[in-house]
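Numbering (UniProt numbering), first residue to last: 1 to 371. Each residue gets a CB set at the ideal place from its N, CA and C atoms; glycine is no exception.
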């Protein structure tokens, strides 16, 4: 008992029976010490145990007092944390969605909180089970990277707190009015969350068709962005041989391509977002083949002009090298890489004169290399 430590011997992660065993142990020790007779006649001798009794008595008393203080404090800590999580969940469910994005995030969160993820009509298709945290906080992602503690896990934790409070009653451990009131608030908060979940599920079912329709209206807008992307890639600059012949011209085209790439990237993200929402709402996912075609075409044109600019700079450096310092093997390997890009560009961009010119440049240079 001299070295008894609440943190090491008990602590917040200990099983309930560990606390019970501790309370029984120190209570029994206290009773055993109290039962020792202060003075006892043994034959010709008189045993004086009073001093011995006074030495032993404080140890189990202090240990019992420590444990009796700690157990209600531990329960309060658990109650406060759980109340905070219940409040946060109630607040999130109290804010009803006003657009498709909010609706999908709302129903994803609701599904994971209620434990109906993957089953609810509008629940997300994400993993139904998440990492298991301290104190049986079953957490699952809500689709935005944030952990969601399920109602079932909260109920389990409330039961754990209830078991602790039963232990407090069993051993007549003193608790404050605030501690007792907080436990009652916990039960009320859980009941409120259950009601809020039930209401939110009904609201979701009533409004899902409205948001499906709203999502459908976004598809033509996105497809219009795809058409604009193809129009941008038909710009005559992108196949202008005169621009390809000067550094200034190539830089002008590369700047244009950077803006086009930003437009295409935003379109790809938007198409993926619509597909993700369709999947989350459990409706047919629209295949956007044109988006994939746009992505490939944009990548091919950008690769052509970037490779052409790199080629012009690199080949110019090679031509300035002294003949005796030329590393033919190294140059041959690099030329082979550029030739591969040029041939791919010619195949993918059949009507682009710059691709044909790039291929001719690389081939002509390759033929000048010494064997």
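Burial state of residue i, where buried means 16 or more other Cβ atoms lie within 10 Å
i	result
residue 220	exposed
residue 351	exposed
residue 369	exposed
residue 308	buried
residue 178	exposed
residue 196	buried
residue 328	exposed
residue 100	buried
residue 335	buried
residue 201	buried
residue 113	buried
residue 199	exposed
Rounded straight-line distance, which links the Cα of residue j to that of residue i
i	j	result
residue 247	residue 354	14 Å
residue 149	residue 214	30 Å
residue 206	residue 154	27 Å
residue 110	residue 172	41 Å
residue 175	residue 216	58 Å
residue 341	residue 224	31 Å
residue 72	residue 189	20 Å
residue 318	residue 347	27 Å
residue 283	residue 365	56 Å
residue 26	residue 180	25 Å
residue 360	residue 271	38 Å
residue 203	residue 235	49 Å
residue 269	residue 117	25 Å
residue 292	residue 94	39 Å
residue 169	residue 194	28 Å
residue 333	residue 343	15 Å
residue 210	residue 218	13 Å
residue 13	residue 167	16 Å
residue 120	residue 212	With a pLDDT of 39 at residue 120, under the threshold of 50, the modelled position of this residue cannot be trusted; read the value that follows with caution. Their backbone Cα atoms lie some 15 Å apart in a straight line.
Other residues of its chain near residue i: CB distance less than 8 Å, five sequence neighbours each side excluded
i	result
residue 237	243, 252, 253, 256
residue 249	240, 242, 243
residue 161	75, 78, 79, 82, 183, 186
residue 87	189
residue 313	none
residue 320	none
From the options, residue whose alpha carbon lies closest to that of residue i
i	options	result
residue 65	95, 96, 23	23
residue 286	189, 312, 276, 342	276
residue 245	17, 357, 338, 15	357
residue 290	211, 281, 264, 311	264
residue 302	258, 347, 84, 279	258
residue 233	261, 211, 210, 212	261
residue 331	360, 359, 367	367
residue 298	14, 228, 210, 13	228
Sub-8 Å separation of residue i and residue j beta-carbons
i	j	result
residue 82	residue 20	no
residue 281	residue 208	yes
residue 16	residue 163	yes
residue 349	residue 300	yes
residue 165	residue 75	yes
residue 274	residue 182	no
residue 267	residue 296	no
Any non-hydrogen atom of the ligand SAM within 7 Å of residue i CB
i	result
residue 327	This structure does not include the ligand SAM; it has no bound ligands of any sort.
Beta-carbon contacts of residue i that lie in its chain and below 6 Å, excluding the five residues immediately before and after
i	result
residue 304	345, 355
residue 152	115
residue 85	149
residue 288	271
Contacting residues, own chain, Cβ-Cβ under 7 Å from residue i (five flanking each side not counted)
i	result
residue 230	294
residue 338	307, 311, 362
residue 97	103, 106
residue 18	10
residue 192	90
residue 92	109
Proximity test, Cβ basis, 8 Å: residue i and chain C
i	result
residue 64	Absence of chain C from the displayed structure is noted, only one protein chain being present.
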